[in-house]
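Position 365 (the sequence shown) corresponds to 828 in this note's numbering; numbering is contiguous. Below is one structure, written out as structure tokens, with a few remarks after it.
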Amino acid sequence: MEAPALFAQEATQWERRSLEAVWHPCTQMQRHLPAGDPNALPLLPVARAAGPWLYGFDGRAYYDAISSWWTTLFGHRHPPIIAAIKEQLDTLDHVLLAGCTHAAAVELAERLRALTGGQLGHAFFASDGASATEIALKMAAHYARNRGFPRKTGFVCFAGGYHGETIGALGVTDVPLFRQAYEPLLRPATILPCPDARLGPPALERAVCALRSHLQAHAEEVAAVIVEPMVQCAGGMIMHSPEFLRCVRRLCDEYGVLLIFDEIAVGCGRTGRLFAHEHAGVRPDLLCLSKGITGGTLPLAVVLTTDEVFEAFLDERIERGFLHSHSYTGNPLACRAACATLALLEEPGIPERLEALGAAFERALAPIAAQHGAAHLRRCGTLVAFDLPKAAEDFPRRAAVAALEHGLLLRPLGRTVYVMPPYETRPEEVDFACEAIARTLVDVL
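Here it is in structure tokens:
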């Protein structure tokens, strides 16, 4: 048997074995079955990765236009990050962070404190984005309780927002597809109108007025407001102005409510700034980070808090402490990867490089979007999106399959096509990715 046939056979074998043993996330598994059926949604067996590229077992390359679910910042196996992990592995793989500490966690927390101007001075580590949301929600309610306001147990979020899929996080998430099956299990939050920039200034005014009215009536019951700064990603790449964040900060201060910024997806440079909220010149009381913070190498989440929040938990009584925990909290390998990632993000010229990358994708996608009657081509930093309002309901699935044929990993959100590229994408790779998107849309539309 010739080599290409052998490679194809190996890829098919891994796809078959995966379907027999692995329950894939965010997936209706019926669409993948049975393996080999031409109508089934194919899995992509990935053998290796480098830079912005994934490689199948047959050697074929696929440009990772979504940074593997928004995690891979610079590119796969980015050498400085990999070197930091290997160096850490030679000294300490893991130790519990309850009653112990280690250099990687301390240095990461110190670096994050410095990067927030000392305003977010304490880091609580976890394993993933949803866990960070859970921690922030629990901290906010427990903070209010410790301060003598036990009725402040409610939360406010915004239409189209997404904060994770654990039970607490789903309570402040407004994506019906993820919520509806679990509605009886949830403790619902107050969902207010979204400041969607596609709807113009009235949307911003409506959202701010709704928040003001709600806090006027219910501030004594609200522990925190949670926001995805600048872009609500999973809701369809919904973008809003920095002014919205400034208004929310002022209202939270006025009514004595904590403000949580969920930067799980939009932090670490995605919006062109290290932290998305820097566009507005404000700070939250609690900041959630995950996904790209390790450069897409290892799971890690961080919740940063102000000194005021931290100090509210200091007491001789143990029950007033924050007793949340994860077995792998502050894992040294993940923390070291995060330190290396932040060092890269602090290098001179990074903001300019990110701006140039996003602008290049925007320029290249503009005629493609226009050709297909797309609406609302928009960009925030390196994130570029447009809507196809007339696309069929099955557009996301068909587009994902067609994109693979053109060497592209793409996962549209409903009728929204977007790219969130690795930062080390070269100009010729921008051209390749956009040409692949153009061919994909011709095939599907």
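We treat Cβ as the ideally placed atom computed from N, Cα and C, and that holds for glycine.
Span separating the alpha-carbon of A528 from that of V509: Residue 528 sits at position 65 when you count from the first residue of the sequence shown. Residue 509 sits at position 46 when you count from the first residue of the sequence shown. Whole-angstrom Cα-Cα distance: 15 angstroms.
Through-space distance from P875 to R842, alpha-carbon basis: Start at 1 with the first residue of the sequence shown, and residue 842 comes out as number 379. Start at 1 with the first residue of the sequence shown, and residue 875 comes out as number 412. As the crow flies, the alpha-carbon of R842 is around 16 angstroms from that of P875.
Presumed contact (8 angstroms Cβ cut-off) between L583 and L750, rounded CB distance: For the purposes of this step, residue 583 is identified with residue 120 of the sequence shown, where counting begins at 1. For the purposes of this step, residue 750 is identified with residue 287 of the sequence shown, where counting begins at 1. At roughly 6 angstroms, the Cβ-Cβ gap stays under 8 angstroms, so L583 and L750 are in contact.
Segment contact, 8 angstroms Cβ cut-off, at least three pairs: the stretch 780 to 787 with the stretch 557 to 566: With the cut-off at 8 angstroms, the stretch 780 to 787 and the stretch 557 to 566 do not touch.
Proximity winner among H703, G592, C802, A801, relative to D725 (alpha-carbon distances): Reading the sequence shown from its first residue, position 262 is the one you call residue 725. That would be G592, whose Cα lies nearest to the Cα of D725.
With 16 other Cβ atoms within 10 Å as the buried cut-off, status of C620: Walking along the sequence shown from the start, residue 620 turns up at place 157. Here C620 is buried. Its C-beta has 16 or more other C-beta atoms within 10 Å.
Contact check, L763 vs A801, beta carbons under 8 angstroms: Position 300 of the sequence shown, counted from the first residue, corresponds to residue 763. Position 338 of the sequence shown, counted from the first residue, corresponds to residue 801. Yes, Cβ-Cβ distance for L763 and A801 is below 8 angstroms.
Rounded separation between R540 and A512 - CA only: In the sequence shown, residue 540 corresponds to position 77, counting from 1. In the sequence shown, residue 512 corresponds to position 49, counting from 1. So the alpha carbons of these two residues sit roughly 7 angstroms apart.
Coarse secondary structure for L908, derived from DSSP in three states: Stepping through the sequence shown from its first residue, residue 908 is reached at position 445. Correct three-state label for L908: coil.
Pick from K601, D521, G514 that is closest to T534, judged by C-alpha positions: Position 71 of the sequence shown, counted from the start, is the residue given in the question as residue 534. Of the listed residues, the one whose Cα sits closest to T534 is G514.
Residue range of the beta strand (DSSP E) that includes T653: In the sequence shown, the residue the question calls residue 653 occupies position 190. Start and end: 653 to 655.
Unbroken stretches of the beta strand (DSSP E), 3 residues or longer, contained in the stretch 515 to 594: DSSP runs (the beta strand (DSSP E)) wholly in the stretch 515 to 594: 516 to 519, 524 to 527, 585 to 589.
Three-state secondary structure (DSSP) of H677: For the purposes of this step, residue 677 is taken as the residue at position 214 of the sequence shown. Assigned with DSSP and collapsed to three states, H677 falls in helix.
For A547, the nearest candidate out of G744, V569, V694, A797 (CA to CA): For the purposes of this step, residue 547 is taken as residue 84 along the sequence shown, with counting starting at 1. Proximity to A547 across G744, V569, V694, A797 peaks at A797, based on C-alpha coordinates.
Proximal residues to A848 (C-beta, below 7 angstroms), its chain only, five neighbours per side dropped: In the sequence shown, residue 848 corresponds to position 385, counting from 1. Excluding positions up to five away in sequence, the list reads M700, R841, T879, V880, Y881.
In DSSP terms, what Y881 is bridged to: Translated into positions along the sequence shown, residue 881 becomes position 418. Paired residue(s): A848.
Length of the line joining the Cα atoms of F738 and L578: Numbered from its first residue, the sequence shown carries residue 738 at position 275. Numbered from its first residue, the sequence shown carries residue 578 at position 115. CA-CA distance, F738 to L578, rounds to 9 angstroms.
T768: first and last residue of the uninterrupted beta strand (DSSP E) it sits in: Start at 1 with the first residue of the sequence shown, and residue 768 comes out as number 305. Here the beta strand (DSSP E) through T768 covers 764 to 768.
Residue span of the beta strand (DSSP E) that contains L820, given as start and end: Here residue 820 refers to the residue found at position 357 when the sequence shown is read from its first residue. Taken as a continuous stretch (DSSP letters only), L820 belongs to no beta strand (DSSP E), being part of the alpha helix (DSSP H) at 813 to 834.
For L667 and F707, believed in contact at Cβ under 8 angstroms, the rounded distance: Position 244 of the sequence shown, counted from the first residue, corresponds to residue 707. Position 204 of the sequence shown, counted from the first residue, corresponds to residue 667. Their Cβ separation, rounded to whole angstroms, is 6 angstroms, which keeps F707 and L667 in contact under 8 angstroms.
Among P664, R889, V765, S704, the one whose alpha carbon lies nearest that of P692: As a first step, residue 692 is located in the sequence shown; it is residue number 229 there, counting from the start. Comparing alpha carbon positions, the residue from P664, R889, V765, S704 closest to P692 is S704.
L674 beta carbon less than 8 angstroms from that of L721: Start at 1 with the first residue of the sequence shown, and residue 721 comes out as number 258. Start at 1 with the first residue of the sequence shown, and residue 674 comes out as number 211. Contact: no.
C-beta contact flag for P852 and A863 at 8 angstroms: Along the sequence shown, one-based indexing puts residue 852 at 389. Along the sequence shown, one-based indexing puts residue 863 at 400. P852 places its beta carbon 8 angstroms or farther from that of A863.
Neighbour-count burial assignment, Q695, 16 or more Cβ in a 10 Å radius: Stepping through the sequence shown from its first residue, residue 695 is reached at position 232. A buried status is given to Q695, since no fewer than 16 other beta-carbon atoms sit within 10 Å of its beta-carbon.
Beta-carbon spacing of I727, S753 below 8 angstroms: As a first step, residue 727 is located in the sequence shown; it is residue number 264 there, counting from the start. As a first step, residue 753 is located in the sequence shown; it is residue number 290 there, counting from the start. Yes.
Unbroken alpha helix (DSSP H) run spanning R860, endpoints: For the purposes of this step, residue 860 is taken as the residue at position 397 of the sequence shown. Looking at the DSSP string, the run of the alpha helix (DSSP H) that includes R860 is 858 to 868.
Straight-line Cα distance separating S590 from I559: The residue you call residue 559 lines up with position 96 of the sequence shown. The residue you call residue 590 lines up with position 127 of the sequence shown. The question names Ile, but residue 559 in the sequence shown is Leu. Going from the Cα of L559 to the Cα of S590 covers about 13 angstroms.
Cβ neighbours of A604 in the same chain (closer than 6 angstroms, five flanking residues each side left out): The residue given as residue 604 occupies position 141 in the sequence shown. Sequence-distant Cβ neighbours of A604 in its own chain, meaning closer than 6 angstroms and more than five residues away, are T616, A686.
Sub-8 angstroms separation of Y886 and G730 beta-carbons: Counting from one through the sequence shown, the residue named residue 886 turns up at place 423. Counting from one through the sequence shown, the residue named residue 730 turns up at place 267. No, the pair does not count as a contact, with Cβ atoms beyond the cut-off.
Start and end residues, beta strand (DSSP E) containing I630: Counting from 1 along the sequence shown, the entry for residue 630 is found at position 167. Under the DSSP assignment, I630 falls outside any beta strand (DSSP E), being part of the alpha helix (DSSP H) whose first and last residues are 630 to 634.
Proximity below 8 angstroms, CB of Y525 to CB of L536: Mapped onto the sequence shown, residue 525 falls at position 62. Mapped onto the sequence shown, residue 536 falls at position 73. For the pair Y525 and L536, the CB atoms are not nearer than the 8 angstroms cut-off.
Member of A595, G698, P651 whose CA lies at the smallest distance from the CA of V638: The residue given as residue 638 occupies position 175 in the sequence shown. Taking only the C-alpha atoms, the option nearest V638 is G698.
Whole-Å CB distance - G844 paired with T734, under 8 angstroms assumed: Here residue 844 corresponds to residue number 381 of the sequence shown, with the count starting at 1. Here residue 734 corresponds to residue number 271 of the sequence shown, with the count starting at 1. The Cβ separation is near 4 angstroms, so the contact holds.
Test item: CB-CB of A586 and L571 under 8 angstroms: Taking the sequence shown and counting its residues from 1, one reaches residue 586 at position 123. Taking the sequence shown and counting its residues from 1, one reaches residue 571 at position 108. The answer is yes: Cβ separation under 8 angstroms.
C551 to P795 span [Cα, whole Å]: Start at 1 with the first residue of the sequence shown, and residue 551 comes out as number 88. Start at 1 with the first residue of the sequence shown, and residue 795 comes out as number 332. In the sequence as displayed, the identity of residue 551 is Gln instead of Cys. Approximately 7 angstroms between the Cα atoms of the pair.
Endpoints, the beta strand (DSSP E) within which C620 is located: Here residue 620 refers to the residue found at position 157 of the sequence shown. Run containing C620: 617 to 621, per the beta strand (DSSP E) assignment.
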